[in-house]
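Taking the numbering used here, I'd label the letters of the sequence shown as residues 19 to 273.
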Amino acid sequence: MSDWLVLGIAMAAACAVVLTIVIFNNRGVTEDDDDPAEVPGVMDYMTMMIGVVYAIVLGLAIAGVWEARGAAQESVRQEAQALHEIRQRVQVYPTEVRERIRSDVDAYVSYVVHTEWPHMSRHEALSAKGTQLFDQLRTDVSQYAPRTDLEGQAYQPLVDQVASADNARGARGQNAGDTMPGVVWFGLIIGAVVTVGMIFVLQIRRSFRELLLAGLFSVLIAFLLFLIWDFDAPYGRGIGATTAPFLDLFPQIGG
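Right, here's the structure in full:
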């Protein structure tokens, strides 16, 4: 049984139970016992609770996507820092080996910034070419046999930095897609419709003040949903993670 089917059954069951109780509870109520003056109080209570519950859901959603964006940006920073350390630590290696490893680093970073980043935005996954370039860097670092004590002391830290960059790259790939499950979006949209719809249930009038407040409230809900949607893809939209850590540490590939 799918999650959506379970959700639909649970919502229908909850609604059916509440309506059944209300109907049976009101069967013995006569017109003399019915007091319409109590209705506005009930409506105010339900309206307040709907607003409070939806505000909590919106707050949790915004906090969740913001945290995911921060984690995505941190993985980019860690990857760039590890690659920068590799480029600097090979200073003790022979010229030919040093230049080859640095060339591997520059080629990989340039590809990530200019090609793989747009690829992640479109396909929500890392590219095979980027993985190939990183594997080449790993091979050149790990297969070199140190010839001096100084090179031997630098070898293991270099291998560790390659592993750190690989781990950060993997985290970047895992965060490439949307972070918000579809069922959460379903709740957010239904909640927005119900919350804004309460304006019509309360029979808003056409005075300038009430129309202005209703318009501003609708705009606020739309803005918050857009904010969640924009943060939902850490690498794919306007306020997502950026390539700034790579460009800061590798200014030579910025052009």
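Yeah, the Cβ is synthetic: ideal placement off N, Cα and C, and Gly gets one too.
Need the endpoints of the alpha helix (DSSP H) that residue i sits in, please.
i      : result
Thr213 : Gly200 to Val219
Asp178 : Asp167 to Gln192
Tyr126 : Thr113 to Tyr129
Phe241 : Phe226 to Asp250
Pro164 : Premise fails: Pro164 is in no alpha helix (DSSP H) and is neither H nor E.
Phe268 : Looking at the DSSP string, Phe268 is not in any alpha helix (DSSP H), and its letter there is neither H nor E.
His132 : Premise fails: His132 is in no alpha helix (DSSP H) and is neither H nor E.
Starting from the C-beta of residue i, find all residues in its chain whose C-beta is less than 8 Å away, skip the five residues before and the five after it, and write them out in chain order.
i      : result
Ala98  : Val127, Pro263, Phe264, Asp266, Leu267 and Phe268
Ala172 : Arg107, Val108, Val110, Tyr111 and Pro164
Glu134 : Leu144, Ser145, Lys147 and Gly148
Ile207 : Leu243
Using a Cβ-Cβ cutoff of less than 7 Å, which residues in the same chain neighbour residue i once the five nearest sequence positions on both sides are dropped?
i     : result
Gln96 : Ser182 and Ala186
By the 10 Å Cβ neighbour count, where 16 or more other Cβ atoms means buried, how is residue i classified, buried or exposed?
i      : result
Phe152 : buried
Gly88  : exposed
Thr213 : buried
Tyr129 : buried
Gly191 : buried
Arg86  : Checking the sequence, you will find Ala at residue 86 rather than Arg. Ala86 should be labelled buried.
Would residue i pass as a contact of residue j if the rule is Cβ separation under 8 Å?
i      : j      : result
Ile104 : Val75  : no
Ile80  : Ile217 : no
Ser145 : His137 : yes
Gln179 : Ala100 : yes
Tyr72  : Gly200 : no
Thr197 : Asp250 : yes
Looking only at its chain, what residues have a beta carbon closer than 6 Å to the beta carbon of residue i, apart from the 5 residues adjacent to it on each side?
i      : result
Val94  : Ala259 and Pro263
Ala194 : Met138, Glu142, Ala143 and Tyr253
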